[in-house]
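Below is one structure, written out as structure tokens, with a few remarks after it.
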Amino acid sequence: MAQTHLPLAPQRGYGETTRKDPWWLPTLGTFIGLSGFIVYMTWAGMQNEHFSYQGYLSPAYSPLLFWTDPEGVTGLAGAERFAYFGPQPSWWPGAIPFLPALLILWAPGGFRITCYYYRGAYYKAFWQSPPNCAVGKPHKTYSGERSFPLIIQNIHRYFMYLAVVFLFILAHDVYLGMWFIDPATGAKSFGIGLGTIVLALNVTFLSAYTLGCHSLRHVIGGFKDRISGAPIRKSLYKGCTGLNKNHMRWAWTSLVWVGFTDFYIRMCSMGVFTDIRII
Ligand code: FES
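Under this note's numbering, think of the first position of the sequence shown as 1427, with each following residue one higher.
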């Protein structure tokens, strides 16, 4: 049979494309959104004050493993009741600042960084690899995620297990957010404030994001030839798939709300916002 050899099209130069749509817009949005979130959460995690108010605990500090109040900063008042293991351990080296948020933020941070959706988004936004589909990239080679260092991204499935545990912890925080302390007597009473709603929405959005995870979907639906033979698992799989279809939307909604929840509690603690008591 006669064969025809067609020359390969030359590789596009950086940013070259025939696309007419504003392809750079989502890439820029991702860059600004993720950069802003990382800067804010790093700043918030290093403040070590104003992360609690009444029964509210910022998700940036939850779970609070230890509490510390080295200089008696006012925003820490009452934070000790959230701590699982009491005050800062005595063996902690004095030369290293004790920042409880940084003891835990690696888990949700690692979960997001290795998320299949975010990978696609930040490979484009930060590494320009490529800047968007059918747009020329600045790199000549790409070894993919089957070799070092990107093969580490496969750790995502283990971060997923941790992220599910965090959902239970954050749900418990909503319960704690229903208890208000009378500053005069110290007595606790049940109630619901705007902050309780903010915390409840936080765990709701995070659940929608986490429970739609590709890895979780595989754990639920995998290992079986016919899922129709396992009705409970099939229902869970359908629920997971439903959330997974909007994974990007839940990824961004939960990301923004985590930041906002910390901001809201911080502002209440600083006296800038007055928390509205609904019940
Ligand atoms: S794939 Fe996005 S959270 Fe698992």
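From the three backbone atoms N, C-alpha and C, an ideal C-beta is built for every residue, glycine too.
Only a predicted model underlies this, so the values are computations on that prediction, with no experimental measurement involved.
>> Just to confirm, is the Cβ distance from residue 1621 to residue 1691 under 8 angstroms?
In response: Going by C-beta atoms, residue 1621 is nearer than 8 angstroms to residue 1691.
> Under a three-way DSSP split, which group does residue 1619 fall into?
Replying inline: Taken through DSSP and simplified to helix, strand or coil, residue 1619 comes out as strand.
> Just reading off the alpha helix (DSSP H) that residue 1450 is part of, what are its end residues?
Replying inline: Residue range 1450-1473 is occupied by the alpha helix (DSSP H) that includes residue 1450.
> Hey, would you say the C-beta of residue 1598 is under 7 angstroms away from at least one heavy atom of the ligand FES?
Replying inline: Answer for residue 1598: no, Cβ out of range of the ligand FES.
> With distances taken between CB atoms, is the gap from residue 1491 to residue 1525 smaller than 8 angstroms?
Replying inline: Cβ distance not < 8 angstroms, so residue 1491 and residue 1525 don't count as in contact.
> Is the distance from the Cβ of residue 1482 to the Cβ of residue 1685 below 8 angstroms?
Replying inline: Between residue 1482 and residue 1685, the CB-CB gap reaches or exceeds 8 angstroms.
> If you measure from each residue's Cβ to the nearest non-hydrogen atom of the ligand FES, which ones come out under 7 angstroms, in chain order?
Replying inline: Every residue passing the under-7 angstroms Cβ criterion appears here: 1537, 1541, 1542, 1543, 1544, 1582, 1586, 1635, 1636, 1639, 1640, 1641, 1642, 1673, 1677.
> According to DSSP, what are the bridge partners of residue 1703?
Replying inline: The beta-bridge partner set that DSSP reports for residue 1703 consists of 1619.
>> Is there a C-beta anywhere in chain D that falls below 8 angstroms from the one on residue 1452?
In response: The structure shown has no chain D; it contains just one protein chain.
> Unbroken alpha helix (DSSP H) runs of length 4 or more, entirely within the stretch 1570-1603: which are they?
Replying inline: For the stretch 1570-1603, whole alpha helix (DSSP H) runs of length 4 or above, ordered along the chain, are 1582-1602.
>> So, for residue 1448: in the same chain, excluding its five sequence neighbours on each side, which residues have a beta-carbon less than 7 angstroms away from its beta-carbon?
In response: Excluding positions up to five away in sequence, the list is empty.
> Is residue 1605 closer than 8 angstroms to residue 1634 when the C-beta atoms are compared?
Replying inline: No, the pair does not count as a contact, with Cβ atoms beyond the cut-off.
> What whole-angstrom Cβ distance do residue 1631 and residue 1679 have, given they're in contact under 8 angstroms?
Replying inline: Yes, residue 1631 and residue 1679 are in contact; Cβ-Cβ is about 5 angstroms, under 8 angstroms.
> When you compare each of 1585, 1547, 1572 to residue 1451 by their alpha carbons, which one comes out closest?
Replying inline: Closest by alpha carbon: 1547.
>> If you reduce the DSSP assignment to three classes, tell me which class residue 1550 lands in.
In response: In the three-state DSSP reduction, residue 1550 falls in the helix class (H, G or I).
>> Quick check: what's the CA-CA separation for residue 1585 versus residue 1520?
In response: Distance between the alpha carbons of residue 1585 and residue 1520: 30 angstroms.
>> Helix, strand or coil, according to DSSP, for residue 1482 in the structure here?
In response: Secondary structure of residue 1482 (DSSP, three-state): strand.
> For residue 1561, does the count of other Cβ atoms within 10 angstroms reach 16, so buried, or fall short, so exposed?
Replying inline: Flag for residue 1561 reads buried.
> So residue 1485 packs on residue 1636, CB below 8 angstroms; how close in whole Å?
Replying inline: Their Cβ separation, rounded to whole angstroms, is 13 angstroms, which puts residue 1485 and residue 1636 out of contact at 8 angstroms.
>> So, with DSSP's three-state summary, where would you put residue 1563?
In response: Judged by DSSP in its simplified three-state form, residue 1563 adopts coil rather than helix or strand.
> Around the C-beta of residue 1453, are 16 or more other C-beta atoms found within 10 angstroms, so that it is buried, or is it exposed?
Replying inline: Classification of residue 1453: buried, given that the 10 Å Cβ count is 16 or more.
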